[in-house]
Amino acid sequence: MTPKKILRRPGSDNTSDWGHNLPPLLRRLYAARGVTCDEELTYTLKHLASPMDLRGIARAVELLTEGITKQQRVMILGDFDADGATSTAVAMLGLGMLGLNDIDFRVPSRFSDGYGLTPGIIHRLQEEGLLPDLLVTVDNGISAVEGVRVARDLGIKVVVTDHHLAGEVLPDADAIVNPNQPGCPFLSKNAAGVGVMFYVLTALRKHLREQGLLPDPQPNLGSLLDLVALGTVADVVPLDHNNRIFVEQGLRRIRQGEARPGILALLEVAGRDHSEISSTDLGFVVGPRLNAAGRLDDMSVGISCLLADSRDEAQRLACELDSFNRERRTIEKDMKTQAQDLLASMSLDVEGLPWGLALFDTDWHQGVIGILAARIREQTHRPTIAFAPDDNGEDIKGSARSIPGLHIRDVLAVVDARHPGMMKKYGGHAMAAGMTLSRSDLDAFSEAFDRAVRDTLRVEDLEAAITTDGPLSADELHLDTATLLKRAGPWGQHFPEPLFDGNFRVVSQRIVGENHLKLVLQPEEGGAIIDGIAFNTGPEVPDYTRTGARVVYKPDANTFRGRTNLQLLVDYLEPLA
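Going by UniProt numbering, 361 is the number at position 361 of the sequence shown; the sequence numbering is gapless.
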């Protein structure tokens, strides 16, 4: 494993006047994550921020109400990732529940259309005779200045719902609902695209009820929360209190078997029991299978899975998505090998390796470069951009992943300011971004990107670190702790799942499945013997039985042959000095 500095998350003041009914361990963990009162751990829907605080939502509701009362043709314009897919499904299902009949969706192709609402998509709809009266973007649109202009020139009304950062110029849409647009007072700036669309639906339902226009029986929008939870976790947005409410409420529906057939089918093909899932399963099990469609083929397959009403149809589509995901893993593995060969030709010390990595290969796949960039970022602890050829043969598309302390979109803005026009387009978040440039400009861009990163970071920022919640005592290392922690979430971005570290005697170790390290551990201070597993270590590992090990781990419940025991999921380990 790549050597890492192990840091301890700052401790908490247990004399604070809250959480007196919590186990001491949970109180410590929550306080270390910034929780300051019991209300922040209350995940009922009435604690959600008000939708009416979203700028532009009243106008959006007005246009959607007109669409329902006049039964206009409405088109949902989605995106090709899990947030875009769930946003599209929520819009389709929710608007249908609220009385809209003529509704359809369109998702851009990652390969031929690119991201978001483009003029090309509008022209294609025109050629197909499918121009809508009202177009609603979900998880995109805030940067679609030209796409919105073309749509409105053709007489289409446009409602933009998005959560991405706004550029200097906003599209001239009929309504924009985005917590990150200038002047929006909405408190939860971390809402995913699916959360924004859900808010629009709740505001629309309230308005229709007040106008006496709500269908009978009244629709339960809460039935969409499983989709909201999935999109929120899969898009890796920070889990502030508002987002934790969405995720917890969605998880409860899934555990009770009340989720969409497509979500239950995706869990089933992955071998997961829906009654026992956590937010981690949404992010690492369901999300990747849904994303695989948009990466390799057409996200319409994923959306159709989420919209499926029958178990058989959902199962068929889930199996297709699982097949895409297996293919994605194979492609990713080959690309990672090529990238590692490229890195091997560079010096891997701080002086020799660029601070900002820009890697390209003519054989790389557009749909997988984001995952590849993340893998290389993890290996090198450098902000990384992986590029693949565009379909036109002249341009290359890049997907960037950053490290803590570096806002990748801001760095790209610096590059753009210093070299206007080098990037034909770009956009993104603090930790992820995308861009397009001419292949001939790659070398110049690589130098400019590296310089902008060097101007932002310090040498110490390039040292990989892992932050833990400190040790668990021997008395806390038991199965009940693993169960307690699993149910104490939802855990996710900026509200991290608890991670602990401690010194252990390694009773035995062996490689299983070619790449995984199976361990038998005992706490250094004594106590019970515990199993541990470190995934993807590779076959060459130190002999920890000689030295003992400092282990960074998560307690987990492992069921084997009908028996459930404590197992430590090892994130990192190093020999004791």
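The beta carbon of each residue, even a glycine, is placed where N, CA and C say it ideally should be.
For residue j and residue i, the rounded distance between their alpha carbons
i, j, result
"Val411", "Ser300", "33 Å"
"Thr564", "Asp216", "48 Å"
"Gln72", "Pro132", "8 Å"
"Phe560", "Gln567", "11 Å"
"Asp102", "Val74", "6 Å"
"Asp480", "Glu210", "49 Å"
"Gln256", "Leu266", "16 Å"
"Pro261", "Gln315", "8 Å"
"Asn140", "Glu248", "25 Å"
"Tyr115", "Pro108", "7 Å"
"Cys319", "Val269", "7 Å"
"residue 578", "Ala577", "Coverage of the chain is limited to positions 1 through 577, which leaves residue 578 absent and any answer about it impossible."
"Thr44", "Ala229", "14 Å"
"Val285", "Asp322", "10 Å"
"Gly271", "Ile277", "11 Å"
"Ile254", "Arg9", "32 Å"
"Gly155", "Val145", "16 Å"
"Glu378", "Leu225", "32 Å"
"Val148", "Ala173", "6 Å"
"Glu514", "Glu463", "29 Å"
"Met92", "Cys305", "13 Å"
"Leu353", "Ser402", "16 Å"
"Asp531", "Ala374", "29 Å"
"Pro23", "Trp364", "49 Å"
"Ala413", "Trp355", "17 Å"
Element boundaries [beta strand (DSSP E), containing residue i]
i, result
"Lys157", "157–161"
"Met435", "432–438"
"Phe387", "384–389"
"Asn291", "Where Asn291 is concerned, there is no enclosing beta strand (DSSP E), although the alpha helix (DSSP H) it sits in stretches over 287–296."
"Thr467", "465–468"
"Tyr426", "423–428"
"Ala534", "530–534"
"Glu574", "563–575"
"Val512", "500–512"
Reference residue i, options the options, closest by Cα
i, options, result
"Ala528", "Phe535, Ala386, Val541, Arg505", "Arg505"
"Thr161", "Asp79, Ile6, Leu517, Gln567", "Asp79"
"Leu569", "Val136, Leu29, Asp102, Leu521", "Leu521"
"Gly367", "Met197, Arg487, Ala400", "Ala400"
"Thr384", "Val159, Tyr30, Ala413, Ala432", "Ala432"
"residue 664", "Glu276, Asp174, Ile331, Ser508", "No answer is possible for residue 664: it lies beyond the span of the chain, which begins at 1 and ends at 577."
"Lys425", "Arg152, Ser143, Glu514, Ala308", "Ser143"
"Val61", "Met97, Val159, Thr137, Thr280", "Val159"
"Leu98", "Val415, Phe105, Leu208", "Leu208"
"Asn21", "Val138, Leu95, Leu7, Cys37", "Cys37"
"Ser438", "Pro389, Asn243, Ala308", "Pro389"
"Asn242", "Leu41, Arg289, Leu95", "Leu41"
"residue 622", "Leu117, Ile121, Pro119, Ile68", "Because the chain is modelled from 1 through 577, residue 622 falls outside the range shown and cannot be assessed."
"Leu290", "Leu282, Gly302, Leu296", "Gly302"
"Phe105", "Phe324, Pro119, Leu125", "Leu125"
"Ile466", "Ile533, Pro542, His407, Arg550", "Arg550"
"Gly393", "Thr436, Pro555, Gly428, Pro119", "Thr436"
"Val541", "His516, Asn558, Asp556", "His516"
Extent of the continuous alpha helix (DSSP H) to which residue i belongs
i, result
"Ile263", "261–269"
"Arg73", "Taken as a continuous stretch (DSSP letters only), Arg73 belongs to no alpha helix (DSSP H), as it is neither H nor E."
"Ile303", "300–307"
Per-residue burial, residue i [other beta carbons within 10 Å of its own, 16 or more giving buried]
i, result
"Leu573", "buried"
"residue 587", "Because the chain in this structure spans residues 1 to 577, residue 587 falls outside the shown range and cannot be described."
"Gly523", "According to the sequence displayed, residue 523 carries Pro and not Gly. Pro523 comes out buried."
"Ile396", "buried"
"Phe387", "buried"
"Glu39", "exposed"
"His163", "buried"
"Asp349", "Reliability fails at Asp349, whose pLDDT of 49 lies under 50, so the model's placement of it is uncertain and the value that follows must be treated cautiously. So Asp349 counts as exposed."
"Glu332", "buried"
"Ile6", "exposed"
"Gly434", "buried"
"Arg382", "buried"
"Phe360", "buried"
Proximity test, Cβ basis, 8 Å: residue i and chain C
i, result
"Leu204", "This model lacks chain C altogether; it includes just one protein chain."
**Report entry** Stretch pair the region 176–192 + the region 443–457: three plus CB contacts closer than 8 Å
**Finding:** no
Query raised in the report: Does the region 229–247 come close enough to the region 76–93 that 3 or more CB-CB pairs lie under 8 Å?
Result: yes
Query raised in the report: Would you call the region 437–447 and the region 487–500 touching, i.e. three or more CB-CB distances under 8 Å?
Result: no
Report task. Check whether the region 166–179 touches the region 40–56, taking contact to mean three or more Cβ pairs, one atom from each stretch, closer than 8 Å. Result -> yes
Query raised in the report: Would you say the region 413–421 touches the region 327–334, given that touching needs at least three Cβ pairs under 8 Å?
Result: no
Query raised in the report: Is the region 40–52 close to the region 198–207, with three or more CB pairs under 8 Å?
Result: yes
Query raised in the report: Counting pairs of beta carbons, one from the region 476–492 and one from the region 457–466, are three or more of them closer than 8 Å?
Result: no
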